[in-house]
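Everything on this sheet refers to the single structure shown next.
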Amino acid sequence: MPPQPKTRRHLVAQIRRLLEAEIAPIVVVRGPRQVGKTTAQFQIIADLLEEGVPSTNILRVQFDELASLRGTKEPILSISSWFERKITEDRFNALARDGRKAYLFFDEVQNLDGWDAQLKSLVDNAAVKAVVTGSSALRIEMGRDSLAGRVNTVEAGVLSLTEIGALRELETLKPFLPDNGLRHLIDRGFWQELRAHGQKNTGFLKEVFGHFSERGGYPIVHRLKDVEWALLADQLNETVIKRVIEHDLRVGRRGRKRDAQL
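The opening position of the sequence shown corresponds to residue 20 in my numbering, with each subsequent residue numbered one higher.
Right under this line is the structure:
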């Protein structure tokens, strides 16, 4: 793997908890490009290897728009079958019976036709743990319905203030609201504690919110804080905004009629 950032987004721990809880065999990480979905996959794989999971039990495939994949019939199933036959020490279900499930990481699956049907077939017949990422909310949503009961979804947005603080190497607070803590919002005491927490940490919040107001919430703009804004803005325009307009919004029959220039 390429070198990974020392800082971690909160979603890394969130994905890992869902993986280990095994509430569903697939964790879908959905969010715009450049927010750290691929980095999260790499960091989880690094953790698994450090914990002693054999490298032969871990597969990662990045499904960008590669010409070589267009001739591959059902690439998720084909590659997983090859991995099971040629790389793992045993078949997926035999590994699972021994408590050694295989981990499959698929990046940018929205580029594949029928990705949802392939994943459904895979997890219905093989006891594996799968992490799937997608940058097109429309394409992922179109496929998620057929995977009901088989997926947990993590919404990966831009950085939170605490994540910006970590990237800026500030003494950073922990998030006040738990990952799945919406029940706290109906408790008056929670809001009173949150107000006191904010007043206590006014200096940190003002500094971090200043960075957010100046540059937004994409990781690259804070990781490369010494690079001039104009260069980073061009990069985000090219890799995020244009991709959404030229590709994601033109999905489906109605989408093909949309005027990208408009």
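The beta carbon of each residue, even a glycine, is placed where N, CA and C say it ideally should be.
Being a predicted model, the structure only gives us computed values, none of them experimental.
Rounded separation between residue 103 and residue 132 - CA only:
Going by the C-alpha atoms only, they are around 22 Å apart.
Next on the checklist: With H, G and I counted as helix, E and B as strand and the rest as coil, what does DSSP make of residue 262?
Outcome noted: Reduced to three states, the DSSP call for residue 262 is helix.
**Asked** Which residues does DSSP pair with residue 148 in a beta bridge?
**Response** Note: residue 148 is bridge-paired with 122 in the DSSP secondary-structure output.
query: So what does DSSP say about residue 76, is it helix, strand or coil?
result: In the three-state DSSP reduction, residue 76 falls in the helix class (H, G or I).
Three-state secondary structure (DSSP) of residue 173
Under the three-state reduction of DSSP output, residue 173 falls in the strand class.
Open item on the list: Looking at residue 44: is its Cβ nearer than 8 Å to the Cβ of residue 142?
Closed with: With contacts defined by Cβ atoms closer than 8 Å, residue 44 and residue 142 form a contacting pair.
Look at residue 171 and residue 114 and say whether their C-beta atoms are less than 8 Å apart. Contact flag unset, no.
> Applying the criterion that 16 or more other CB atoms from any shown protein chain within 10 Å of the CB defines a buried residue, is residue 182 buried or exposed?
Replying inline: Counting other Cβ atoms within 10 Å of its Cβ, residue 182 reaches 16 or more and is therefore classed as buried.
Handout entry: Assigned exposure category for residue 204 - 16 Cβ within 10 Å defines buried
Key = It counts as exposed.
ask   = Helix, strand or coil for residue 46 per DSSP?
value = It is a strand residue.
Checking 8 Å against the spacing of the C-beta atoms, do residue 186 and residue 223 come in under that value?
In this structure, residue 223 does not lie closer than 8 Å to residue 186 by Cβ.
For residue 280, which residues does DSSP report across the bridge?
DSSP lists no partner for residue 280.
key: Selected residue, minimal CA-CA separation from residue 36, among 57, 51, 66   = With distances taken between Cα atoms, residue 36 lies closest to 66.
Report the rounded CA-to-CA distance for residue 62 versus residue 99, giving the unit in angstroms.
Those two C-alpha atoms are separated by around 21 Å.
Exercise for the section: Return helix, strand or coil for residue 254, following the three-state DSSP convention. Expected result: It is helical.
* Asked: Based on Cα-Cα distance, which residue from 33, 215, 239 lies nearest to residue 258?
  -> The shortest C-alpha separation from residue 258 is found at 239.
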